[in-house]
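Okay, so the sequence shown: first residue is 12 according to our numbering, each after it adds one.
Backbone N, C-alpha and C define an ideal beta-carbon position, used for all residues, glycine too.
Source: prediction; values computed, not measured.
Contents: one structure, followed by commentary.
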Amino acid sequence: MADRGTGVVIHFDSHWERECAIVVVHRPLTRQVDVLVAGLTTSLVPKFTASVREAVHLAGSPLLVPALVMSELAQNQTDWLALVHPDLEEIQRRLGMANWKYASDSPFYGPHAKDNLLGLDLPAIVTKLQRMADSIRFQDQIALTLIEMLEEMEGKLAGMPGVLVSGGEEEAHGDELEREKAERSGVNEEIEQTMTVLVKSLRGCQRRTMYRSGTIQGLIDTVYTLLAQRDNYLSLDVAFHSRRDSTDMRTIAAVTMFFLPGMFTATLFSTSFFDFQSSTIAGMLSPYHWIYWSTTAASTLAVLAFWFFYSHKNKNKDNKLPDLMGIAEMPSPIELRTYNTTDIPKDAERARRFAGW
């Protein structure tokens, strides 16, 4: 350059949604800094302009504008994490994972637990959580990129002397030289402190994104657990209705077996093989009617006895099967509950008994 200026180019990684580059040209002889910023979003432009006006006293440093851009991007990280928090709290409340003071405050406790569970749109919640998890991973990569860029800028700043180029030293003498060195050192020190604070802030954002990622993963696991619980509820309903239908069918079968022998006997005696009618005596009960009643009663008792003993035998056979899951000892109805620390002591013994410990 003709006036022996210093140039700095900062280009962000390509995995950003938008390419962003900053070109800074510093002319110490004229104390002029030319900056070209490309790729800023429209929402960042007014904030960036206001920040430049507030930091005009630091215009002597060529890294002022890059530091301000980094500051706005870091603030976006913090603002985004603050926006995610209410959505996570709402999902936690709907899933019964909020910080309830009492377990009975949970929507999955008490007589309405089943209705509350069946009323949740769990697939939509999983989709929203997956989108949030993807966004958090992206924000974590942005924070990592900003930290790397700030550390690179700190390295460049550490190599800058109080007077940036030798041309300034040639024209500055005595007190003027010392004053300029002190002024430039003070500006660089303030910029360095700002970048150090930004690095710490971004590392804090990384820790928060890590925590949010763990929270979201826990919520996703909870949703899948609730999906399994809801399927269990539906299976229990199907089993209950199937059992009721089975009872109805058994009742119908019992009634049918009660009347079937009599119908069979009447049909049998009405054939041409038997003739109990008397052609000489009309309107008189046949003296052989006892044959019908004795045959019907005997056959009815035989059919009912066979049905009873056959059902009892199958029931005993089913009861002898091993209860590997401990279903016979589980409470009924099964409630989906949310426990806090006060529930653990009183439920520990029952949990151990159910698990067979």
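So residue i and residue j are in contact, right, with Cβ under 8 Å, and what is the actual spacing, rounded?
i: S224; j: A144; result: 6 Å
i: L74; j: M164; result: 6 Å
i: L245; j: Q103; result: At roughly 25 Å, the Cβ-Cβ gap does not stay under 8 Å, so L245 and Q103 are not in contact.
i: L237; j: L131; result: 7 Å
i: T276; j: S310; result: 7 Å
i: L55; j: V34; result: That belief does not hold up - the Cβ atoms of L55 and V34 are roughly 17 Å apart, past 8 Å.
i: T207; j: L99; result: About 30 Å; that fails the 8 Å criterion.
i: R219; j: L94; result: Not quite, the Cβ-Cβ distance comes to about 12 Å (not below 8 Å), so this is no contact.
Taking 8 Å as the limit between beta carbons, can you name the residues of its chain near residue i, skipping five residues before and five after?
i: V234; result: L106, L133, I136, V137, L140
i: L209; result: A78, M81, S82, A85, L157, L161
i: V67; result: none
i: I202; result: L69, S72, L74, L75, A78, L168
Residue range of the alpha helix (DSSP H) that residue i falls in?
i: T95; result: The sequence shown places Val at residue 95, rather than the Thr named in the question. Note, V95: alpha helix (DSSP H), 75-105.
i: T60; result: 55-65
Rounded to a whole number of angstroms, what is the C-alpha to C-alpha distance between residue i and residue j?
i: H7; j: M268; result: Outside the shown range of the chain, which is 12 to 368, sits residue 7, and nothing can be said about it.
i: V304; j: P272; result: Note that residue 304 is Trp in the sequence shown, not Val. Approximately 10 Å, taken between the alpha carbons.
i: E346; j: T278; result: Any answer about E346 is weak, because its pLDDT of 42 lies below 50 and its placement is not dependable; what the coordinates show is given next. In a straight line, the C-alpha of E346 is about 55 Å away from that of T278.
i: K211; j: A154; result: 11 Å
i: V76; j: H96; result: 31 Å
i: L315; j: D232; result: 53 Å
i: L51; j: T205; result: 21 Å
i: R261; j: E101; result: 49 Å
i: T60; j: T53; result: 11 Å
i: R148; j: R241; result: 30 Å
i: S281; j: A308; result: 18 Å
i: S62; j: Q43; result: 18 Å
i: R255; j: A264; result: 14 Å
i: D259; j: M274; result: 22 Å
i: E159; j: E65; result: 26 Å
i: F317; j: V266; result: 14 Å
i: A250; j: N243; result: 10 Å
i: D90; j: Q228; result: 22 Å
i: M108; j: R142; result: 20 Å
i: F320; j: A239; result: 39 Å
Locate the beta strand (DSSP E) running through residue i, then write down its first and last residues.
i: V46; result: 43-49
Can you name, in chain order, every residue of its own chain whose Cβ lies under 6 Å from the Cβ of residue i, other than the five neighbours on each side?
i: A49; result: A32
i: F270; result: none
i: A313; result: none
Across which residues does DSSP place residue i in a beta bridge pair?
i: V234; result: In DSSP, V234 forms no bridge with anything.
Can you find the residues in the same chain that come closer than 7 Å, C-beta to C-beta, to residue i, ignoring five residues on each side of it along the sequence?
i: Q88; result: Q150, I153, A154, L213, C216
i: K301; result: In the sequence under discussion, the amino acid at residue 301 is Trp, which differs from the Lys named in the question. Closer than 7 Å at Cβ, skipping near neighbours: no residue.
i: K58; result: E83
i: T306; result: T276
i: G166; result: none
Would the beta-carbon of residue i be found less than 7 Å away from any heavy atom of the ligand GTP?
i: D256; result: You won't find the ligand GTP in this model; it holds no ligand whatsoever.
Taking 8 Å as the threshold (beta carbon to beta carbon), is residue i in contact with chain D?
i: E203; result: Looking at the structure shown, chain D is missing, and only one protein chain is on hand.
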